[in-house]
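Trainee:
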């Protein structure tokens, strides 16, 4: 079945460090890929998305490229801030049909220290 | 910006009691979902609802769970007889369709004691 495998956390970085959180997927069909972020005590917010191969999603300095050949959608940011501390979830959905549910990875806790 | 709203934000209930979690999805969305996140664990799909009926449900969504869209705006999740292991954050989401994204509510934290 469809699944998402995400890098285990926690990831602890100093401010201004480079961030990579790895995400790979298994899917039938042609999934859309997402990164959601959950700040402490809050709900899930969409961070970025990509809907087809080679698309790059970007938002707030974060980027991820949909790589079909490696079935990956790694999240990167060049210079993290303390305010980026949160749990990051990689997710996929397969468009079409009557469901379009999201399948989430396990989440990666990012802690950025000043 | 339109948003998904959930009430209550936190509910404490005794084991065996019924609870109803409420959600108001975004008005022009067609697909509605409930997800669950047990503390510190992954977000799990419970059920999807489309065209006034359940379109898919997970193994977690057993006979103790039900969903309704009673009045065309609210979307509710009912747990008939809560168990300790139902303690979790429950997220409602709605989705317009196509290649857009799902929008999530802030969640209801359910604590079963």
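Chains as they are written, first to last, in our numbering: chain A, 2 to 115; chain B, 183 to 295.
Positions of the beta carbon are idealized from the N, C-alpha and C atoms, including for glycine.
Note that the structure is predicted; figures quoted are calculated from it, not measured.
1. Report yes if the C-beta distance between residue 213 (chain B) and residue 227 (chain B) is below 8 Å; otherwise report no.
2. Of the residues that make up the stretch 267–290 of chain B, which ones have a beta carbon closer than 8 Å to any beta carbon in chain A?
3. Let's test the definition: count the other Cβ atoms within 10 Å of the Cβ of residue 266 (chain B) and tell me whether it reaches 16, buried, or not, exposed.
4. For a cutoff of 8 Å on Cβ pairs, would you count residue 255 (chain B) as touching chain A?
5. Report the residues of the stretch 184–211 of chain B with a CB closer than 7 Å to any CB of chain A, ordered along the chain.
6. Can you tell which of A:112, A:18, A:61, A:94 has the C-alpha that lies nearest to the C-alpha of residue 52 (chain A)?
7. Going by DSSP in three states, residue 94 (chain A) sits in which element: helix, strand or coil?
8. Whole angstroms are fine: how far does the CA of residue 193 (chain B) sit from the CA of residue 69 (chain A)?
9. Please identify the residue among B:282, B:215, B:293 whose C-alpha is closest to the C-alpha of residue 249 (chain B).
10. I'd like the list of long-range same chain contacts for residue 4 (chain A), defined as Cβ closer than 6 Å, with 5 residues on each side in sequence excluded.
11. List the residues that DSSP assigns as beta-bridge partners of residue 63 (chain A).
12. Residue 288 (chain B) and residue 188 (chain B): beta carbons closer than 8 Å?
13. Taking CB distances under 8 Å as the criterion, tell me whether residue 11 (chain A) reaches chain B.
14. Helix, strand or coil for residue 45 (chain A) per DSSP?
15. Given that a residue counts as buried once 16 or more other Cβ atoms are within 10 Å of its Cβ, and exposed if not, what is residue 197 (chain B)?
16. Would you please verify whether the beta carbon of residue 96 (chain A) is less than 8 Å from any beta carbon of chain B?
Mentor: Concretely, from the data shown:
1. Stepping through the second chain from its first residue, residue 213 (chain B) is reached at position 31. Stepping through the second chain from its first residue, residue 227 (chain B) is reached at position 45. Residue 213 (chain B) is not a Cβ neighbour of residue 227 (chain B), given a cutoff of 8 Å.
2. Residues of the stretch 267–290 of chain B that bring their beta carbon within less than 8 Å of a beta carbon in chain A comprise 273, 275, 277, 279, 280, 281, 283, 284, 285, 286, 287, 288, 289, in sequence order.
3. Here residue 266 (chain B) corresponds to residue number 84 of the second chain, with the count starting at 1. Answer is exposed; the Cβ neighbour count stays below 16.
4. As a first step, residue 255 (chain B) must be located in the second chain, where it is residue number 73. Output row for residue 255 (chain B): interface = no.
5. Taking 7 Å as the Cβ-Cβ cut-off against chain A, none of the residues of the stretch 184–211 of chain B qualify.
6. What you label residue 52 (chain A) is simply residue 51 of the first chain in a count that begins at 1. Ranking the options by Cα distance to residue 52 (chain A), first place goes to A:94.
7. The residue given as residue 94 (chain A) occupies position 93 in the first chain. Residue 94 (chain A) falls in the strand class under three-state DSSP.
8. As a position in the first chain, residue 69 (chain A) is number 68, starting the count at 1. As a position in the second chain, residue 193 (chain B) is number 11, starting the count at 1. Those two C-alpha atoms are separated by around 42 Å.
9. Locating residue 249 (chain B) in the second chain gives position 67, where the first residue counts as 1. Minimum Cα distance to residue 249 (chain B) is reached at B:215.
10. The residue given as residue 4 (chain A) occupies position 3 in the first chain. Shown here for residue 4 (chain A): same chain residues with a beta carbon closer than 6 Å to its own, the five before and five after excluded, namely 27 in chain order.
11. Locating residue 63 (chain A) in the first chain gives position 62, where the first residue counts as 1. Residue 63 (chain A) pairs with A:60, A:78.
12. For the purposes of this step, residue 288 (chain B) is identified with residue 106 of the second chain, where counting begins at 1. For the purposes of this step, residue 188 (chain B) is identified with residue 6 of the second chain, where counting begins at 1. It is a contact, given that the beta carbons lie within the stated cut-off.
13. Along the first chain, one-based indexing puts residue 11 (chain A) at 10. Not one chain B Cβ lies under 8 Å of residue 11 (chain A).
14. As a working note, residue 45 (chain A) is residue 44 in the first chain. Residue 45 (chain A) falls in the strand class under three-state DSSP.
15. Position 15 of the second chain, counted from the start, is the residue given in the question as residue 197 (chain B). Counting other Cβ atoms within 10 Å of its Cβ, residue 197 (chain B) stays below 16 and is therefore classed as exposed.
16. Translated into the one-based positions of the first chain, residue 96 (chain A) becomes position 95. For residue 96 (chain A), the answer is yes, since a Cβ of chain B falls inside 8 Å of its Cβ.
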